[in-house]
Every structure is written in structure tokens, then in C-alpha cells.
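Structure, as C-alpha cells:
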Amino acid sequence: MRLPLPIQFLVFILVQLGLSAGLVFYLGNLAQSNVETFDQASRGFVHTQKAIEQLRANYADIVTKVEHRVDAFAAGERHDVSDLRDELKQIATTVRGSVSLEPLRDDHPGAVNRLAGSIDAQAEALVQASQTVASADRAEVSRVQSRLAERRTRIMSVGFGELIEAANEDMDRTMRAIHSANEAVIGNYQVVLIGFVMLQALLLMGVLWLTNRQIRQLADITEQIVAGKQASAGSEQKRRDQLGRIARAVQQFRSSLVSLANSREQLQAMLKKHDKESLSRKRAEDSLALTASIFDEVQEAVLVTDIRGHVSRANPAAQTLLGLTATQLSDRPLLEILLGKPADVVAPIWRHLLDEGEWRSEVEFTREGDDRRLTGLVSIRLIGEPREGRGHVIVVINDYTEIRAREREILALARLDSVTERLNRGYFVQQIDSRIRTEPEQPFALVAIGLDGFTAFNDALGRRFGDRILRAIGDRLDDIVAPDAQLARIDGDEFGFLVFADGPQALVERVDAMMSAAHATVTERLELSGYRLDIRASVTSADYPGEGASAEELLRITDNGLSQAKAEGGNRIVGHAEGHSRAAQRRFDLTQALGKALGNREMRVHYQPQVSLASGALVGFEALMRWRYRGDWISPNEFIPLAEEHNLIGEFTEWALDQSCRRLADWQRLAGQELTISINVPPQLLLLDKVDERLIALTKTAGLPTSSIVLEITESDFGSDPTLLAERLHQLAMQGFAIAIDDFGTGHSSLAYLNNLPISKLKIDKQFVDKIEHDEDARKLLGSILALAEKLEFEVVIEGVETSQQLVELRKFGSRLQVQGFVFSRPFDEDYWDGEFMHGRIPNYPVPEIQPTRQTD
């Protein structure tokens, strides 16, 4: 008796399940034994590693205290470090006696004892150093500090490293033993699996033989039925299993095929013809519907004309932009409407279009209906062959009116002070530096006037009245300065202008005369709104090139001069020669020392956080170079210009970027989030050959993607070779570096660079934020800049935010900004941020929870 096919397959499946269950049970027992062995070894290794890491963290905390105490060492002073010595001794005792390190003391006593001994020696060296500095000079103190720092570094890298390596050796030995056991188990696995596979193969062959035998019978039945031998296949059709059912179905199917065969060819021909016609019609309808939808819905103005220029179709955007209906547009050639010129002027342009096939230009035109002047980028392309009288013209007009208006507004506001309507400090600096670049041999002087006690007028009469006083002072100074003197408001209560003469002696005489005239003019009694005001003022000057080689240096010297005058009682003139020798000597000393700063390890990198205004989350840092010379911090405003002048800034920047990349990689790992690092990159570095390869090498060494690095440039950087510099920036952007414009809006050419450079981020200068708390014009100017940045899809970082009220005003512009400034944190060195990240203190700063009230689009 033949078993039905389902019963045959069921038997085969049950046998398979039984064999598989036995194999799984056997292999599971072997695997469980291996897991238990490996788990025991892993727990021991993890326990030892945690003990080492805890010791290392405790030692790092104590070392931080030691570093702070050692940095405070001064020649001739005694310092009590007994508490730090005791803490170090306690660490050494823990190393010798910790139960968790007992396996290491048994297997590697040398490594444990060396580490404990090194820490003991450090404690004694610290006590001896504190005694030494009491009678040492500054140079000896610096050497003592360096030796202590080297000892700390050696213990962290060598002492703990040796201990970790010993633990790793123990783990490696244990793993080799486990590996040997696993190899034996694998041998058993192989034998069992080979036997299982062979048994499976035999079973499968048996099933295939039985199945093939019955399928062969079915094939014989099918061939007989197809050949019309129904009688000879009847015995098989009487079977009651699946094979019998198939045999009967085949016979019925053959009968159906005979009845359908006659009409098949006719039906196929009809269907083929119908499908072809339907497909063609559907494609044409879809294409027309899509074209019409795009034409009507696109935001740009799109028009279609014949080869004579008459509009045949205009989308709704075009009719709105031009203020004309489709019928009105067809009355006369489109170029006559756009250019507002007669046919004889427009005809040559149209002939050029027909000859060249395209025409593109920015056009100003008057919209019908409201007579508003608009600006549009007109792009025209010819389709077809005009000489054969066939074809049409596609015209696309992009509305540039708002963008051009914003550009003009920003250019005007960025140059002038909103209160006095004289030049502001940023544009004044740019004008001075431009003059130095174009006429480096021509000397001139900067005269600065500071109003003494001006705050009293604001406090007594109000800020608006104070602004009126400043405007009146500006009007007075206009009467005495030359037209090319570039009168500017250089600070809250300070004015400045330039003085020129034919020679050095003539310049000195001219400066003295102008300072006297400015002082007399400003301090003359002022009558304003019924008040009789006695203004006190101090005047000073700085000359180029004797006292400064740039605008910032000259302004720094005049700031010092005004401060000196106010310290001596104010209301006086400080001649430009006073203090010159001291300034020159200091400049010389700093220049000599600057070239050795990296070698002497005097340069530092401080990091100031950049914060999302939406959430208060830390998104990155700006890397800022600092110089500690002879125990004092030298202002970047003082040493950066010197480094640029003596071609050291490229080397300094490359070093700072290397340090920043290494630190950022560690901080990203500890924080578990992506962060960025921004750094100002000077032309001296960007113009080096293969600079992209050098910067990429730095990021690869640190293990950072290039997208984590933001390279900042300023407008003044483009003075030397703008074409080559732009080419280098494009190369860096293609490698993934982000490019940012620093101090955006403080110069005259920012807007031009936005089109030509691969910019992705703007950094708004501090001067645009200082007055937004109380000055509506300042808020409007900042809003215009942010609107432009949003239209161009740039990220924006606001620098120099110092007060909570400024933060509130910025929040009103929206939450997509990033903020940097003292309102969140001043710049700190890497040790501070290492401590924050190592202890899991990821900064999250409070931001105002208010709804935006100002639109930036």
C-alpha cells in the first residue's frame, strides 16, 4: 500500500526534528561550558581594570590640584604642600595594598612597586620643590615647574601604562588557555557535524528517490494525456492521492486548451493594438498635466514667446511680478516691457538672442499698477530654429528685489554709526588698513578725542540727550577736519580722524595743531535745549608707521593715551611722542620672544563654547591662542599682529589646530556626541602648497572627520592674492571642511564674497550686539543681516554676547542661532574642559523660553 505524499513528508520531518534536537542539546552543553569559563576570566579582568582606572582617576584629580599649586609658585615665596604629599602617599599605599590588584602583585610585582615608588618619589619631589622656590629666582622656579610636570606626565604614561599592560598580559594568557580548550571543543563539533550531515544526506537521498519515482509516474501520465491516450492513463487517474488529482486536472486542462486555441491569435492581436493606443494616450496626457502643473505652480516668473518676442503664455507668478495680464503681455514684445526701451534699442538684443540661443542679464523694471521699481534676473533661451520660422522662446525671471534692497541697507548701515551718522569703528579700521596697503610709504597720524565724564550726562539727562551731544560734537569736528580725514566714532564717547602731511616734521606740526584745535572745539561751551554744557575732553595721537603698522595697533596706542590722560585728571592733550619709547621697546622685546614661544611651551589654546540658542546645548568650541610670557598673559590683540608681521602666524595656527583636533576627539568620545572646533586661519597658512593635505593629516592623526573643523576667515585676509585664496578654500570645502566668514558685516566686501566662496557659516561681530538692548537701529541692522543669512541658508554664530538681556533680544529673532560669549562662559584651557568631560559634566546652558517676535525673512 502506497502512503500519500503528505504522510511521507511528515515522517521525514519528524526524523529530521529528532536528529536536530539531539545535535542542539549536545552542542548547547559544550557551548555553556565555554561561556562559563570565559565569563569567569572576563569578570576577573574587568575587576582589575576598574581598580586601575579608579586609581588613575584619583591620581589625576590630585595631579590637577598639584598643577594649580605648582603654577602658583613664585620666587621667594614658601608654599605648604604637605596636604598634597599626604594624598600622593595615600595613592601609593593603595597601589601596594589594594585587594583588587592582588593578582597583579603576584604576577607582576615589579610594575606595581615601580608605580608606587614613583608616586612616593613625586610626593617627596613636590615637598623639595616647595622648599627650593623659597630661595630661587624666576628662572629656577620655571625649571622646577617643568621638572614636576615631566614627572607627572611620566607617571601617567609610563607608571599606569605599565600596570595596564601587565593586566592585559594576564588576560592574554587566560585567553590563550581558553582558546586551546575551544580548539578541542571545535574538533568535537566537527566530528558531530560531519556525522549529522552524512545522516541528513542519506535521508534526503531516500526522500528524493521516493519523490522522483512518483513524479516520474506523473510525468508519464501527463505525456499520455497530452498525446490523447486517455484510455491508457485511466488507471493512474483513479488514484486517490495528490498524484491522482493532478492527473485528472491535466486531462481537464487539455480539453480547455483545445477550446481556447482557436480564438487566441485573434484576441492577442486586438489586445496588442488596444494597449499600444492606450499607452500612447496615457503618456501624452500625463506629460501635458505635469507640464501645466509645473508651469502654473512654480514660484519663478515663466513666460513663453514666439520668435518675435510676443508673449503667448505667462504663468501666474509672471503676471503678478510684471503687473500685467496675459492679454496685456501679448500686446508688445516682452523685452520692450522689461527694459522700457523702444523697438530700435531692443532689436539688437533680440537678434543676439536668436543668433546665440540664450541671453541672461539682471534688469531693473517698473511694475505696472503700483509703479514699483523691481530687480529681476532675466534668463532667456531659444528653442527651435528661427530661420525656418519655427520655434519659441522660454523666459524665466527671478525676483532679486528684496535681496538687492537688503544688500544696499546692510552696506549703508555697516559703514555708519547709527547715532552720529559718522563712520563707525569697523569701517574706519578697514579704511585705515586699506590706505596702509595701497600707500605703505606714506606716513599719517590718527588723532583720537575722548569725552571725559560723558557717562554723567547720560545718567543725568538720559541716553537720548547724550546721543544729541555726540551728534553736536561730530558737527563741530566736521568744521575743523579735512574732507579726507575720515571722521569716525571709534567708541562710545570717542571720536577719531586722520591727519596727513608732506613730510615727518610737517606731520608732527600738523598733528599738534589739529589736536589743539580739536580740544578747543570740543571743550567750547555747548548750548543744547536750554542747557549750557561744559564738555571736558582728552586728545591724543599715534603715527604710522612709527608707532603702529595697522589700524588696530594705532587704535590701541590712542586708547592707552586716552586712558593715561584720564588717569592724570583728564581734559588734557597727550602728545603722540609720549610713551613712544616704552611702546617701541615693548614691541621689540615681544617680537624677539615670540619666535621662541612654541619651543618654550609658552603658547596655550583656550576654548570658548558655542551654544545652541534653541536648547542651550553645547555644539562646539572656538579655539583661541593665548601667550604666557614671563608669567604674564599677553593680549592676542598685541601678539597676533606681531606674529602676522613676522610670518609666524601660519606656524602658530597649524600648531593650535593640531592641539584642538586632539582635544576635540577626546571630548567627543567622552561626551558621546558630535562637536565642532572653529579656528581662525590666516592667509599665510592657506597659501602654503598642499595645505589641504596638511590639514587633512592633522584630522586623521586625531581621528576626526573634516566636517568637525570650521575654518574661519576675515575679509582683510583677501588683500594679498584673493583668487588663489578662494581656490584654496574651495579645495578645503570639497574635502569636507566648513568655511565661515568671521566678523561678518564689518567690511565693505562681505556680500561679494558670499557668492564667490564656499561659505556655510557667518560669525556676526560683537559690535552688532552691543547696542541691541536699547537701540532700535542696531536691532534692525542685526535683523537685516540674519534675514540675508537665512535666505542664503547659512548657519549663524553671534559673538561677544555678554548679558542676559542681549540673550533675550537675540531669542526674539528665533532659535536657529548659535551664541558665543561671556554670558555662557569665558574661554578656558584644555585642563578645565578635560575635567568637565571626564566627570561627565556636559555643559547645558540656560536660554530664555520666549516666542520669537521678529521675522528674519
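In our numbering, the protein residues as written are 1332 to 2188.
Ideal placement from N, C-alpha and C gives every residue a C-beta, glycine not left out.
Counting C-beta pairs with one atom in each stretch, the region 1634–1647 and the region 1722–1736 have three or more that are closer than 8 Å, which means they touch. Contact between the region 2134–2148 and the region 1942–1954 is present: three or more C-beta pairs spanning the two stretches fall below 8 Å.
Around the beta carbon of T1889, 16 or more other beta carbons sit within 10 angstroms, so the residue counts as buried. Spanning the alpha carbons of Q2066 and L2056 requires a straight line of approximately 16 Å. Around the CB of L1929, fewer than 16 other CB atoms lie within 10 Å, so the residue is classed as exposed. Counting the other CB atoms within 10 Å of its CB gives P1673 a total below 16, which places it among the exposed residues. In the structure shown, the three-state DSSP call for E1631 is coil.
Per DSSP, the beta bridge partners of K2094 are V2128. Straight across, the Cα-Cα distance linking I1965 with R1957 is about 7 Å. Between the alpha carbons of D2023 and N1978 lies a distance of about 19 Å. Taking 8 Å as the cut-off, the beta carbon of F2125 is found no closer than this to the beta carbon of L2088.
Inter-residue distance for E1693 and V1709 is about 6 Å (C-alpha atoms, whole angstroms). The shortest CA-to-CA distance from G1715 to any of R1639, L1652, D1701, Y1862 is the one to R1639. Taken atom to atom, the span from the alpha-carbon of L2112 to that of V1750 is near 13 Å. DSSP lists I1714 as the bridge partner or partners of H1723.
In the DSSP assignment, the residues bridged to H1937 are L1955, D2160.
When secondary structure is reduced to three states using DSSP, E1667 falls in the helix class. Inclusion of M1845 and V1778 in the CB contact set at 8 Å is warranted, their separation being smaller than that value. Here F1826 carries a strand assignment [DSSP, helix/strand/coil]. Taking one beta carbon from each stretch, the region 1851–1867 and the region 1746–1763 have fewer than 3 pairs nearer than 8 Å; the two do not touch.
Excluding residues up to 5 positions away in sequence, S1431 lie with their Cβ nearer than 8 Å to the Cβ of H1378 in the same chain. The continuous beta strand (DSSP E) containing T1871 extends over residues 1867–1875.
Per DSSP, reduced to three states, the secondary structure at S1847 is helical.
Shown here for A1456: same chain residues with a beta carbon closer than 8 Å to its own, the five before and five after excluded, namely R1478, L1479, R1482 in chain order.
The residues L1864, in chain order, have a CB closer than 8 Å to that of E1858 in the same chain once the five nearest residues on each side in sequence are set aside. Scanning its chain for C-beta atoms nearer than 8 Å, with the 5 sequence neighbours on each side dropped, one finds around F1376 the residues A1498, D1501, M1502, T1505, in chain order. Secondary structure of S1943 (DSSP, three-state): strand. A1954 and K2097 have their C-alpha atoms some 17 Å from each other. N1755 counts as buried, since at least 16 other C-beta atoms from the protein chains shown sit within 10 angstroms of its C-beta. In this structure, the straight-line span from the alpha carbon of I2095 to that of G2171 is close to 31 Å. L1995 and E1398 have their C-alpha atoms spaced approximately 22 Å apart. Under the Cβ criterion (8 Å, minimum of three pairs), the region 1796–1813 does not count as touching the region 1760–1777.
Note that the region 1819–1829 touches the region 1776–1795; at least 3 beta-carbon pairs, one per stretch, sit closer than 8 Å. In the three-state reduction of the DSSP assignment, E1899 falls in the coil class.
Fully contained in the region 1969–2018 are the following alpha helix (DSSP H) runs of length 4 or more, in chain order: 1980–2002, 2014–2017. The Cβ atoms of V2178 and V2132 lie no closer than 8 Å to each other.
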